[in-house]
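Under the numbering used here, think of the first position of the sequence shown as 2, with each following residue one higher.
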Amino acid sequence: MAQRIVTIFTDDLTGEETESVATHTLALDGISYEIDLGPDSYDKLLEAVAPFTKVGRKAGKARRSSGRASSASGSNDTPAIRAWAKENGYEVNDRGRVPATVREAYDKATK
2 MAQRIVTIFT
12 DDLTGEETES
22 VATHTLALDG
32 ISYEIDLGPD
42 SYDKLLEAVA
52 PFTKVGRKAG
62 KARRSSGRAS
72 SASGSNDTPA
82 IRAWAKENGY
92 EVNDRGRVPA
102 TVREAYDKAT
112 K
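So this is what it looks like as structure tokens:
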């Protein structure tokens with residue numbers, strides 16, 4: 002007896018069956034979504050989010066915990082670290098990551 006397995010690829014947005022469907026991942030407010038889209042639907046998605054991605058910052062991929070304890074000056078202290086750094090002659094940007102050397106200096110000065 003012969004058995005035949007048929008896989009049907011469907012665009013989640015249009016419901017169209019096509020072999021050119023690819024799975025795409027996007028995240029919003031800490032929730033990741035997967036959606037299967039054909040090329041035309043994917044272009045629509047990119048067009049829809051373009052105004053936001055042009056002005057947004059890339060956050061990178063989520064990291065899994067390495068099991069190590071985080072620094073005492075974790076990300077919650079970033080505004081305080083920036084203020085301290087500027088008052089003490091360090092150059093830091095108003096946005097983005099604070100350099101590890103600045104975090105270390107802050108830890109030594111405030112502990």
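Even for Gly, the Cβ is constructed at its ideal location relative to N, Cα and C. What you are looking at is a predicted structure, and each value in this text was computed from that prediction instead of being measured.
Of the choices the options, whose alpha-carbon is the least far from that of residue i?
{"i": "T26", "options": "K55, R98, L46, K109", "result": "L46"}
{"i": "D37", "options": "D95, I6, E18", "result": "E18"}
Exposed or buried, residue i, counting other C-beta atoms within 10 Å across all chains shown (16 or more means buried)?
{"i": "T15", "result": "exposed"}
{"i": "R104", "result": "buried"}
{"i": "D41", "result": "exposed"}
Using the Cα positions of residue i and residue j, report the straight-line distance between them to the nearest angstrom.
{"i": "F10", "j": "Y34", "result": "18 Å"}
{"i": "T102", "j": "L29", "result": "31 Å"}
{"i": "E20", "j": "R98", "result": "42 Å"}
{"i": "A60", "j": "I32", "result": "14 Å"}
{"i": "R58", "j": "K112", "result": "32 Å"}
State yes or no: is the C-beta of residue i nearer than 6 Å to some heavy atom of the ligand SAM?
{"i": "A51", "result": "Inclusion of the ligand SAM in the displayed structure is not the case, the ligand content being empty and no account of it being possible."}
According to DSSP, is residue i helix, strand or coil?
{"i": "E88", "result": "helix"}
{"i": "E105", "result": "helix"}
{"i": "S21", "result": "coil"}
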